[in-house]
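Colleague:
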Amino acid sequence: MKISLPCFLIFILLQITHAHNIDQPFNAIFSFGNSLADPGNFIILARPVLPYDVFEHLPYGVTYFGRPTGRASDGRLVIDFIAQTLGFPLVPPYLSQGQNFSRGVNFAVIGAPALGMDFFQQRNITGFLPTDTSLNVQLSWFVDKVKPLWCNTTQSCLDYFKRSLFLLGEFGGNDYNLALFAGKSVSEAKSYIPFVIDIIRQAAESLLKQGALHIVIPGNFPTGCIPILLTIFASNNKLDYDNLGCLKEYNTIGFDHDMKLKEMVAQLQNKYPQAKIIYADYYEPVIQFLQNPSKFGFTVSDPLQICCGGGGPYNYNPNATCGQPGVPACSNPSTYINWDGIHLTEAAHRIIATGWLKGPYAYPPILSDFH
Ligand SMILES: *[C@@H]1O[C@H](CO)[C@@H](O)[C@H](O)[C@H]1NC(C)=O
Ligand SMILES: *[C@@H]1O[C@H](CO)[C@@H](O)[C@H](O)[C@H]1NC(C)=O
Ligand SMILES: *[C@@H]1O[C@H](CO)[C@@H](O)[C@H](O)[C@H]1NC(C)=O
Ligand SMILES: *[C@@H]1O[C@H](CO)[C@@H](O)[C@H](O)[C@H]1NC(C)=O
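Under mature numbering (1 follows the signal peptide of the UniProt record, and there is no 0), read the sequence shown as residues -19 to -1, 1 to 352, first letter to last.
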C-alpha cells in the first residue's frame, strides 16, 4: 500500500491533466479573415452604406440559425465548428456591441483582402468595400482595441496568448478576385501572390512576437472551381476545363498561392520552432468533394451546381443572387457543396473543420498534441 498509493495519486493527477487538455486546450480563439470566417462584421459596416445587403436576408442562415447572422452560408462556418468542437461559444464579431469577448474575438470581414486599399487603387481597382478591412486593419483592431482587455505588459501578454488559438485567414482569395472582376488577366492576378504571402507572413510574425504559439494559416480554394468564376469566365473551348469541370488556368491562382503559402509556413516553422504553425487546406477538400461527392454526402447530380441562386448553368445568376428577393434555395443544402456561387454550405464547412482539427486537411492538425 505504501508504494501503490502515491502511484495511484500520480495516475489520477495525470488523468486530470490529460482530461483538462481534452476539454480545454485553449483559453481564447482569435480569428482574422474574410467571408469564409465573418460571423457578422460586414453587415454592421455595410448597413449605413449599402441599400440592400444580401447577407442580411434569408435564406442565408436558414440551416442552423434560422435567421441571417451575416455569415455567408446557410449555416455555420469552419470557425464555428472549430469553436464548438473545442467547447467554446461561437466566436463573436468584433464590431458587434455588447458581446462578451472573454473567450475570443472574430475580426473577419466579408470581402476583406490581404492587401490594403492603396495597393488596389494604384492598379485602378476601386469601388469594392465601404472601408478598408484588409489584414493590417484587422490586426490593428486586435492590437489597439482588444489586446488591452487581456493584458497590459509584454510578459502578461506572452503568458496569455501562448494558450490562445489564432486563425489567420483565408486571405488572398479576394485580392485575386478583385483583380479578375476588374478585368485584369490571370497573370496579373498571380503577380499579386508574393505581396499577399508577404503581408500574411508579417501578420503571423507580429502575432508570434506578441506571444502566439498556435496559429492556423488557411490556403485558398481551387479558384477555377468557384461557380461565380465558372459563370463569368465560361469558355467555349473544352480544353480550358479539367476533368472536374473546373477552369484549369484559373485553378493555377489558388494552386500557386497555396504553394507559396506552404513554403512561407515552413520557413516560419523553422524560425519559430517553439510555436505550432499550421497550414490548413481549403484546396484539397474541395477537389475531393468534386471528385467523389457522394462519399461526402453531396448527392446533388452535378456537384458544381449551387444551392441558392437564380438559374444558369451552375444556378449562379449575377442578376439574381442568393439573398435577393425571390431567389430560391434548394430544399436540401447539405447535399450541395456550394451554397451561393462562392461560399460553401454548412455541410462542407463541417467536413473541412473536422479535417483541420483531426486531419487530414491540416499540417499538423490543430488537435494533434491534445489526444
Ligand atoms: C463573459 O463570459 C465569462 C465566461 O465565459 C464570464 O465569466 C463573464 O462573467 C462574462 N462577462 C460578462 C460581462 O458577462
Ligand atoms: C489608371 O487609370 C488612369 C486613368 O484612366 C490611367 O491614366 C492610368 O494609366 C491607369 N493606371 C494603371 C496602373 O492602369
Ligand atoms: C489595461 O489598461 C487599461 C487602461 O488603463 C485598463 O482599462 C484595462 O483594464 C487593463 N487591462 C488589464 C488586463 O489589466
Ligand atoms: C443580366 O442583366 C444584364 C443587363 O440587364 C443582361 O445583359 C444579362 O444578359 C443578364 N444576365 C443573365 C445571366 O441573365
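We put the beta carbon where it would ideally sit given N, CA and C, even for glycine.
In this text the structure is predicted, and so the values were computed from the model without any measurement.
Less than 8 Å between the CB atoms is what I'm expecting for residue 23 and residue 90, so what's the real figure, rounded?
Modeller: The Cβ separation is near 5 Å, so the contact holds.
Colleague: Tell me, to the nearest whole angstrom, how far the beta carbon of residue 342 is from that of residue 244; I am working on the premise that it is less than 8 Å.
Modeller: Residue 342 to residue 244, Cβ: 18 Å. No contact.
Colleague: Let me confirm a value: residue 130 is counted as buried when at least 16 other C-beta atoms fall within 10 Å, else exposed. Which label applies?
Modeller: So residue 130 ends up on the exposed side.
Colleague: Given 6 Å as the limit, tell me if residue 20 has its C-beta closer than that to any heavy atom belonging to ligand 3.
Modeller: No, the Cβ of residue 20 stays beyond 6 Å of every heavy atom of ligand 3.
Colleague: Helix, strand or coil for residue 74 per DSSP?
Modeller: In this structure, residue 74 counts as strand in the three-state DSSP scheme.
Colleague: To the nearest angstrom, report how far apart residue 126 and residue 118 are at their CA atoms.
Modeller: Cα-Cα distance, rounded: 11 Å.
Colleague: Looking at residue 347 and residue 337, is the spacing between their C-beta atoms short of 7 Å?
Modeller: It is a contact, given that the beta carbons lie within the stated cut-off.
Colleague: Have a look at the DSSP bridge pairing and note the partners of residue 133.
Modeller: In DSSP, residue 133 forms no bridge with anything.
Colleague: In terms of residue numbering, what span does the beta strand (DSSP E) encompassing residue 197 cover?
Modeller: It spans 195 to 199 - the beta strand (DSSP E) in which residue 197 sits, taken as one unbroken run.
Colleague: Considering only residues of the segment 26 to 94, which uninterrupted beta strand (DSSP E) runs meet the minimum length of 3 residues and lie entirely inside it, listed in chain order?
Modeller: Fully enclosed beta strand (DSSP E) runs of 3 or longer: 85 to 87.
Colleague: Among 79, 186, 21, 215, which one has its Cα closest to the Cα of residue 92?
Modeller: Checking every option, the nearest Cα to that of residue 92 belongs to 21.
Colleague: Hey, would you say the C-beta of residue 133 is under 6 Å away from at least one heavy atom of ligand 3?
Modeller: Correct: residue 133 has its Cβ closer than 6 Å to ligand 3.
Colleague: Apply the 10 Å Cβ neighbour rule to residue 28 and answer buried if 16 or more other Cβ atoms are within range, or exposed otherwise.
Modeller: It counts as exposed.
Colleague: Using only Cβ atoms and a threshold of 6 Å, which residues come within that distance of a heavy atom of ligand 1? Order them by chain position.
Modeller: Per the Cβ criterion, the list is 81, 83, 84.
Colleague: With the cut-off set at 7 Å, would you say residue 159 and residue 106 are in Cβ contact?
Modeller: Cβ distance < 7 Å, so residue 159 and residue 106 count as in contact.
Colleague: With C-beta atoms as the reference, is residue 321 less than 7 Å away from residue 303?
Modeller: In contact: residue 321 and residue 303 (Cβ atoms closer than 7 Å).
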